[in-house]
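Reading through the structure tokens given below for one structure.
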Amino acid sequence: ESNNSRLKLKFHDPGKTQIVQPHESDHILPPRSIQGTIYNQIMGSYFGLIIVEQLVQSSHPELNEVYPWSHIISFMLCTTISLIVQRKYDAYDQYVRYKWYMICGYMSSCRSSSPHVDITIKQIPYEFEVQQNDYVHRKRYRKSKHDSIPREKRTSFIFKPTVCLASSNTSDCFKRLLPIVAFFYHYPPDAIKYAGESASILNNGDDRQIAACRYYAGLIVGVLHGYNKEQLLDTKFYDKHLLEWFNNQKLHKDVEKIANGDQCHHHYLQSLKLALEAFKNDENDIEQGYIQAKIIGGDDTAAVYVQLAGVLYGYANMPQKWKNINIYAQDFIKSLSGWLDCEGNQWFKIKQRFFKIPDRLSLSALEPKPIGDFIPPFNILNKKIFSYEINEERDPKLWCQINQWVGPLPKDFVVDKIEHPYDHSRYQHFLDEINKIELRQKQPAFKPDLVKIEKRLEERKRVLLQEESGFEPNLLQKTEKNLKELQSVLEHLNGLCGQLQHNRQVNIVRMWRGCLRKVLKSLMPTGSAANGVKDEDWFGKGIYFTSSAKYASTYGGPGECIILCYVLILNPLPIIDDDVPQYSNPKDSLFYALGNCENYHCHYIPKAVCNDENGFHDELVVFQEAYILPSIVVYFK
């Protein structure tokens with residue numbers, strides 16, 4: 003059964019006195035798989051708002067009692083269903099469903115519209131019906147079909163309410179925004195544009211209200227694109243996205259004050275300003291933020307807060323006591339959340355096909371075009387895996403640069419040839435990872451905590467000692483780590499990152515990896531892993547690199563090769579001398595055959611154990627292949 007049939011206005015009886023209510027409707031999920039993260043975020047906002055509406059009715063709701071929806075929830079679901087059924091933004095269809103709600107109780111929990119609906123809000127759907135009937139009469143359309151007139155036959159119908167809701171609280175229009183933003187978020191300009199239009203659906207064009215909704219929609223778009231709280235509340239957020247997301251259409255000056263972090267005392271905007279204040283100080287706890295928002299701004303501020311916070315934290319992170327509240331027709335709401343996600347994805351795919359929109363819009367209007375050492379040195383048009391041999395006569399500057407990166411080699415090592423392997427999909431994936439890391443690296447969870455590192459390593463040593471792992475007692479007597487040494491390891495790695503030239507706000511390091519020629523033949527086409535086979539060695543089970551080409555060359559020996567790779571660095575674990583056993587058996591190492599520690603993405607060791615003539619060299623152990631971009635292969639004779 004199509005969504006159009008399943009979600010239309012239906013009655014149990016021929017006399018149309020008993021409407022089919024939401025809990026009586028089918029609540030099937032989309033046949034296609036839906037994106038877990040976005041689905042969770044949409045449900046987080048929906049259920050967050052519904053729960054807050056119920057908490058308004060009772061601060062301690064009974065677990066078995068089902069509370070009726072307010073008109074706000076019904077209007078929000080009408081908007082959601084319109085997007086799912088029409089698969090686009092259709093103001094006429096939204097008005098039709100609002101009218102159904104007011105007249106028949108469509109999407110109501112009590113077979114009628116809420117008795118607490120503002121008289122002005124009630125007037126607008128009725129006014130729409132009057133103008134609609136007049137239009138149908140003039141065009142001589144059948145009155146029984148006037149709610150389903152095809153879009154191409156009603157292009158001349160423009161409804162503008164004569165009543166203005168400027169006196170009403172703007173938080174009501176904020177509460178209708180989520181479905182629109184969640185449907186169009188893939189393409190931010192449309193999400194923000196339609197959010198502004200939605201604000202005027204039940205309003206006769208109040209500029210402040212429309213601008214506030216556009217700004218609020220921009221924040222939700224940011225969350226759905228992976229922005230963290232610090233980036234959302236950055237006073238430059240609006241300026242950075244003015245050109246790309248807001249189509250260079252400035253907001254009302256009062257809303258700009260809020261976006262820039264300034265005070266604005268206009269009564270329309272207080273709920274938004276105070277909600278963002280609660281959002282900033284909620285300590286990543288939606289219940290705490292809700293309580294704070296309610297204290298500083300009342301129920302309206304709490305509702306605005308919880309819709310934004312619900313998208314950020316998702317349904318999965320809601321407090322259990324909220325989830326235990328008996329919500330009317332919750333399976334139906336979960337079904338709508340899934341269909342909204344699914345149909346929004348399909349809409350974007352169609353828009354891409356006709357308008358040639360890239361797979362992923364940049365997350366920042368000022369996000370620079372990638373420039374730097376990691377960019378492929380040649381403009382290779384063939385998107386299949388391609389290998390370009392670098393010739394000293396044809397490419398003298400690049401040849402000289404690569405040889406400088408290689409530096410002195412051991413005896414008997416002579417360069418045979420140099421190639422540039424290029425895989426378009428891997429390069430695009432690497433750029434995507436850069437964007438993600440730029441968003442994540444400012445989050446506290448991804449910043450090195452040296453004291454925590456020290457304590458964890460000490461605990462691991464104590465465990466190994468209890469298991470009689472073979473450590474000599476004198477190696478375990480040092481209980482206090484030299485934090486300066488840990489810091490110096492990170493500074494050494496940062497110094498290597500600083501050797502690269504590029505224009506991105508992320509750490510990238512140039513590293514070498516030794517490889518056998520016979521392995522290289524299968525390694526480049528499969529992608530794996532400069533890299534797929536991970537080594538079980540001293541410092542963990544991962545992909546090993548070194549900044550020294552000389553050290554890397556000893557892996558295979560003469561006649562083999564080394565690969566120059568660019569590696570993204572996020573939250574490295576520094577390893578110092580006290581963590582490395584000073585004897586030859588790698589299996590006795592603290593890290594042998596283990597994966598990455600906790601949320602550390604790589605391990606860095608400035609002095610790796612090496613018993614040959616090359617002495618001590620650094621090693622970098624990487625655990626995620628996506629952070630690696632092979633760039634140059636140097637073959638030895």
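Its first residue numbered 3, the sequence shown is counted upward by one per residue in the working numbering. Yeah, the Cβ is synthetic: ideal placement off N, Cα and C, and Gly gets one too.
Burial state of Lys351 is exposed, judged by a 10 Å Cβ sphere holding fewer than 16 other Cβ atoms. In this structure Tyr292 touches Val308 by the C-beta definition: roughly 5 Å separates them, less than 8 Å.
Around the beta carbon of Gln294, a 10 Å sphere encloses 16 or more other beta carbons of the protein chains shown; the residue is thus reported as buried. Distance check between Phe334 and each of Ile634, Gln348, Met109 places Met109 closest, using alpha-carbon atoms only. The Cβ-Cβ distance between Gly340 and Pro32 falls below 8 Å. Within the region 227-298, the alpha helix (DSSP H) runs of at least 4 residues that lie entirely inside it are, in chain order, 231-234, 239-243, 255-261, 272-282.
In the structure shown, the three-state DSSP call for Glu391 is strand. Following the DSSP letters along the chain, one finds Lys438 inside the alpha helix (DSSP H) bounded by residues 426-442.
Arg506 sits in coil when the DSSP states are folded into three classes, being neither helix nor strand. As the crow flies, the alpha-carbon of Asp301 is around 7 Å from that of Val58.
Within the DSSP secondary-structure output, Ile21 pairs in a beta bridge with Phe13. For Lys238, the closest alpha carbon among the candidates Thr303, Tyr217, Gln96, Gly228 is that of Tyr217.
Our two residues, Phe49 and Ile40, have alpha carbons roughly 14 Å apart in a direct line. Pairing Ser173 with Ile75, the inter-Cα distance amounts to about 13 Å. When DSSP states are grouped into helix, strand and coil, Ile564 belongs to the strand group.
Straight-line spacing of the CA atoms in Trp401 and Ala551 works out to 15 Å.
For Phe638, the enclosing beta strand (DSSP E) covers residues 630-638. For Pro576, the enclosing beta strand (DSSP E) starts and ends at 574-576. The alpha-carbon separation between Asp264 and Tyr103 amounts to approximately 39 Å. Our two residues, Ile182 and Lys124, have alpha carbons roughly 22 Å apart in a direct line. Boundaries of the beta strand (DSSP E) around His619: 619-624. By the CB criterion at 8 Å, Pro70 and Ser111 fall inside the cutoff.
By the neighbour-count definition (other C-beta atoms within 10 Å, threshold 16), Asn326 is an exposed residue. The alpha-carbon of Lys353 is positioned some 16 Å away from that of Asp343.
Look at Phe547 here: in three-state DSSP terms it is strand.
Distances from the alpha-carbon of Ile578 to those of Arg428, Glu435, Asn262, Leu495 put Leu495 closest.
Inter-residue distance for Gln251 and Ser549 is about 48 Å (C-alpha atoms, whole angstroms). Within the same chain, and ignoring the five residues on either side of Glu435 in sequence, the residues whose Cβ sits closer than 7 Å to its Cβ are Leu570, Ala628, Tyr629. Residue burial annotation: Thr157 is exposed, with fewer than 16 other C-beta atoms found within 10 angstroms of its C-beta. Using a Cβ distance threshold of 8 Å, Lys486 and Pro560 do not count as a contacting pair.
At the C-beta level, Leu244 and Asp256 stay beyond 8 Å of one another.
Residue nearest to Ile30 within the set Leu441, Gln332, Gln503 is Gln332 (criterion: CA-CA distance). DSSP lists no bridge partner for Lys162. In the three-state scheme derived from DSSP, where H, G and I count as helix and E and B as strand, Arg512 is classed as strand.
Annotation for Arg8: the continuous alpha helix (DSSP H) segment containing it runs 5-8.
According to DSSP, residue pairing for Val417 in a beta bridge involves Phe638.
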